[in-house]
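So the protein lines, in turn, are chains A and B. My numbering numbers the first residue of the first sequence as 1 and each following residue consecutively. My numbering numbers the first residue of the second sequence as 1 and each following residue consecutively. Here a beta-carbon is modelled for each residue, glycine too, at the ideal position from N, C-alpha and C. Bear in mind the structure is a predicted one, so any value in this text is a computation, not a measurement.
There are 2 protein chains.
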Amino acid sequence: MKDVAALAGVSVSTVSRVVNGTDVDAALTRRVRDAAQLLGYRRDHAASTLRRADRQSGSLGLIFEDVSNPLFSVVHRGVEDVARSRGVLTFAASSDDDPDAERQLAQAFSERGVDGLIIVPAGHDHSYLMREREAGTAIVFVDRPPRLLEADSVLADNADGVRGGVARLVENGHRRIGYLGDRQRIFTAAERYRGFRQALAAAGIEEDPELVRLDLYDSEVAHDAARELLTVSDPPTALFASQNLITIGAVHALRELALEHRMALIAFDDLTLADLIEPGLTVVAQDPVALGRRAAELVFDRLDGYEGPARSEVIPTTLIPRGSGELPPPAGNRRAQ
Amino acid sequence: MKDVAALAGVSVSTVSRVVNGTDVDAALTRRVRDAAQLLGYRRDHAASTLRRADRQSGSLGLIFEDVSNPLFSVVHRGVEDVARSRGVLTFAASSDDDPDAERQLAQAFSERGVDGLIIVPAGHDHSYLMREREAGTAIVFVDRPPRLLEADSVLADNADGVRGGVARLVENGHRRIGYLGDRQRIFTAAERYRGFRQALAAAGIEEDPELVRLDLYDSEVAHDAARELLTVSDPPTALFASQNLITIGAVHALRELALEHRMALIAFDDLTLADLIEPGLTVVAQDPVALGRRAAELVFDRLDGYEGPARSEVIPTTLIPRGSGELPPPAGNRRAQ
DNA sequence: CTGAAAGCGCTTACAG
DNA sequence: CTGAAAGCGCTTACAG
């Protein structure tokens, strides 16, 4: 900037004013612009915000479990869309579900002066974020709620999604419905299982522990659990798979037992080729773009001065029928009721 | 920092030294740390690098076509892994293949002082980046090479991947092979088509224009093109789909014509449920983590002082046989040769 | 409208 | 080992 000022024959104040668009004599403006162009001048954003009154860095920090997880990368895109419309850029990083990593990333982002933090929480104690918030950083949680901290959050309607899926199975005549669940310490997994139980209760069906397998942490384990569950003495006529990897394991098990056209299946979360497998996979789909957009909007509401109580927003899910969820129970089972 | 110094009863110089780990008397160090802890002090990273000798901001800017594209989100993760091991954070943004957006993002990142830029190029003229590079920013291109700028790049071996896939089809006895290609102005699409022609030439097969459909920009268009191509008077016995969306269109067309078990199919790029569709989808898979890691390594090589000529690295692809690519031509066709 | 000066939060020679 | 002082690139009252 000094160089630009020298070349244009004006003071650095004037250059600063031109760069910031405050009124400056047209001739001077031209001289400054020419000089800047010639020297390839680019304002130092950090120095600028250091001195500025509002102290906004124009950046947000996103902490996901994994930036390459298809769900979170789409959330990221949702955030980006609303942030970019305000000239705000996004940092993104992966915690790999490690609470220490989450903290370190939050700290690293804070040191870099992000205006807001959007977090898919890994930790179980977010009180450490109080200080960042007092320092003016807007904090919003996505996909899972914060613990030990009152803060804005945007969640998918996990319980309701499962409830709707299972209700559909019940409508189609199923009463013995198997459930394949993820680790119950994970918020979304616990919520989904809760939805399952609610749906059974609403239909007046008693839960059969034999038909429920929880804490399935990858497709292999889910595959084994599904095989077991499908071969109990009084097997289910329908299955609910509560998550992507579990769904893959379940489909493998159904194939192996040649049951894919006889056993109804509904899965939580959509998948790329879901309409190309046989039968088409009926899913309860989340809306990750909406999760991201809304989270960003809550961040900017705070930055724009909203100081009300923490808001918890819930984004609805959608049931997408593709065939597997519409299979009726076999005739024998129908009569048996 | 001033406040910490006051509370600890030392000068700001001493606080700075403690924060930066230069040797300070143990007792003073303790007093400073306690004061910092008490005040919730967090160093201002921007102010720090502003004054520092090396001027490194500890951040990288990534410009993808779309952060939510599964390929790029995995590249992102690869970059993140090597960057994080050096304490470097990553900005990421989507250009949506718009050259202007690419430029604006590059500029926004530069203003924020990123140490390096990793770009999936949208534009056709990257000379505008000369200035950033002169300013010390390391620049590496991923997935597609730069234009009008000598710069490091990391590409997948597109041509070779297709060549290998088509060679496999030829080995299995196919001589009439259909090709479904994306818009030829896209570098990767052109490369893949080049690989297709090379494979045919190597096998002494003359290219039949009737069996080649290019510039397919979405699954609908690909679906239509595949249907057409499969119903010409002398139809192919095998198909090569050059990209994800095209593959989806091709599989739909094969299903529609009930040809999925009679027509061989190999696709470029792996997909989540590829082993669960019938028959399993044989693919030429890229290694996006490696693309990202290598790109980050090239960035850090430059930042570490490497000043040699631009390097073009190529990451090999892998053929994953799952059934669809291993279907032989029908007996009649085999005799016909 | 323009310029000289102070200062954002920090680091780093320079003395001591 | 420690402190006073200068200065990184910028913005912004304050005079003129």
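Discussion item. Taking only three categories from DSSP, how would you classify G249 of chain A?
Written reply: helix
Worksheet item: Is T247 of chain A buried or exposed, if buried means 16 or more other CB atoms sit within 10 Å of its CB?
Response: buried
Worksheet item: CB R294 of chain B to CB E313 of chain B, shorter than 8 Å?
Response: yes
Item to complete: Verify the CB distance criterion: does S338 of chain A have a CB-CB separation below 8 Å to chain B?
Response: Nothing can be reported for residue 338 of chain A: it is not among the residues displayed for chain A, which extend from 1 to 337.
Practice prompt. Run the CB neighbour count on Q37 of chain A, radius 10 Å, all protein chains shown included, and call it buried at 16 or more, exposed below.
Written response: exposed
Item to complete: Report yes or no: is there a C-beta of chain B within less than 8 Å of the C-beta of I248 of chain A?
Response: yes
Worksheet item: Does the count of Cβ pairs from the region 87–95 of chain B and the region 56–71 of chain B closer than 8 Å reach three?
Response: yes
Worksheet item: So the beta strand (DSSP E) G280 of chain A belongs to, where does it begin and stop?
Response: Element bounds for G280 of chain A: n/a, residue is neither H nor E.
Worksheet item: From this set, A:D125, A:A83, A:D97, which residue's C-alpha is nearest L105 of chain B's C-alpha?
Response: A:A83
Item to complete: Starting from the beta carbon of L70 of chain A, find every residue of chain B whose beta carbon is closer than 9 Å, and list them in chain order.
Response: A small fix is needed here, since residue 70 of chain A is Pro in this sequence, not Leu. Going along chain B in sequence order, the residues near P70 of chain A (Cβ under 9 Å) are S68, P70, S73, T272.
Practice prompt. Would you check if the distance between the CB atom of V284 of chain B and the CB atom of G178 of chain B is smaller than 8 Å?
Written response: no
Discussion item. Determine whether the beta carbon atoms of R192 of chain A and I266 of chain A lie at a separation below 8 Å.
Written reply: no
Fill in: Straight-line gap, L298 of chain A to D152 of chain A (C-alpha atoms, nearest Å)
7 Å
Worksheet item: Are there three or more Cβ pairs, one per stretch, closer than 8 Å when the region 208–228 of chain A is compared with the region 173–190 of chain A?
Response: yes
Discussion item. Can you look up S11 of chain A in the DSSP assignment and give me helix, strand or coil?
Written reply: coil
Worksheet item: Are there three or more Cβ pairs, one per stretch, closer than 8 Å when the region 133–142 of chain A is compared with the region 108–122 of chain A?
Response: yes
Item to complete: Take every Cβ of the region 255–275 of chain A, pair it with every Cβ of the region 232–239 of chain A, and state whether three or more of those distances are shorter than 8 Å.
Response: yes
Worksheet item: By Cβ distance, which residues of its chain are closer than 6 Å to G280 of chain B, with the 5 residues on each side in sequence left out?
Response: R322, G323
Item to complete: Going by CA-CA distance only, name the one from A:A8, A:V4, A:R43 that's closest to N20 of chain A.
Response: A:R43
Worksheet item: Which one of A:Y217, A:N172, A:N158, A:Q184 has the shortest CA to CA distance from Q198 of chain A?
Response: A:N158
Practice prompt. Could you list which residues in chain B have their beta carbon closer than 8 Å to that of D44 of chain A, in chain order?
Written response: L50, E111, G113
Discussion item. Considering only the alpha carbon of each residue, which of B:Y217, B:L257, B:L149, B:A189 lies closest to P309 of chain B?
Written reply: B:L149
Worksheet item: At least one CB of chain A closer than 8 Å to the CB of V251 of chain B: is that the case?
Response: yes
Discussion item. Tell me which residues share the same chain as Q286 of chain B and place their Cβ nearer than 6 Å to its Cβ, disregarding the 5 neighbours each side in the sequence.
Written reply: A156, T317
Worksheet entry | Buried/exposed call for I219 of chain A, threshold 16 Cβ in 10 Å | As written in the sequence, residue 219 of chain A is Ser, which differs from the Ile given in the question. When all chains shown are included, S219 of chain A counts as buried.
Worksheet item: Can you tell which of B:L214, B:D66, B:T29, B:R175 has its C-alpha closest to the C-alpha of D98 of chain B?
Response: B:D66
Worksheet item: For I342 of chain A and chain B, any beta-carbon pair shorter than 8 Å?
Response: Outside the displayed range of chain A (1 to 337) lies residue 342 of chain A, so it cannot be described from this structure.
Practice prompt. Name the one or two DSSP bridge partners that T29 of chain A has.
Written response: The partner list for T29 of chain A (beta bridge, DSSP) is empty, contrary to what the question assumes.
Discussion item. Just checking: is the beta-carbon of S85 of chain B within a distance shorter than 8 Å of some beta-carbon in chain A?
Written reply: no
Worksheet item: For D270 of chain B versus I320 of chain B, is the C-beta distance shorter than 8 Å?
Response: yes
Practice prompt. Determine the contact status of L216 of chain A and L259 of chain A, defining contact as a CB-CB distance below 8 Å.
Written response: no
Practice prompt. Go through its chain and collect everything with a Cβ distance to D81 of chain A's Cβ below 7 Å, but skip five positions before and after it.
Written response: R293
Fill in: Cβ-based neighbour list, H76 of chain B, same chain, cut-off 8 Å, excluding 5 preceding and 5 following
L62, F64, V67, T90, A92, G292
Fill in: Spatially closest choice to L39 of chain A from A:E278, A:D125, A:S110, A:A8, by CA coordinates
A:A8
Discussion item. Can you give me the C-alpha to C-alpha distance between H261 of chain B and E326 of chain B, rounded to a whole angstrom?
Written reply: 10 Å
Practice prompt. Would you mind telling me which residues of chain B sit closer than 8 Å to L276 of chain A, beta carbon to beta carbon, in chain order?
Written response: I248, V251, H252, R255, L273, I277
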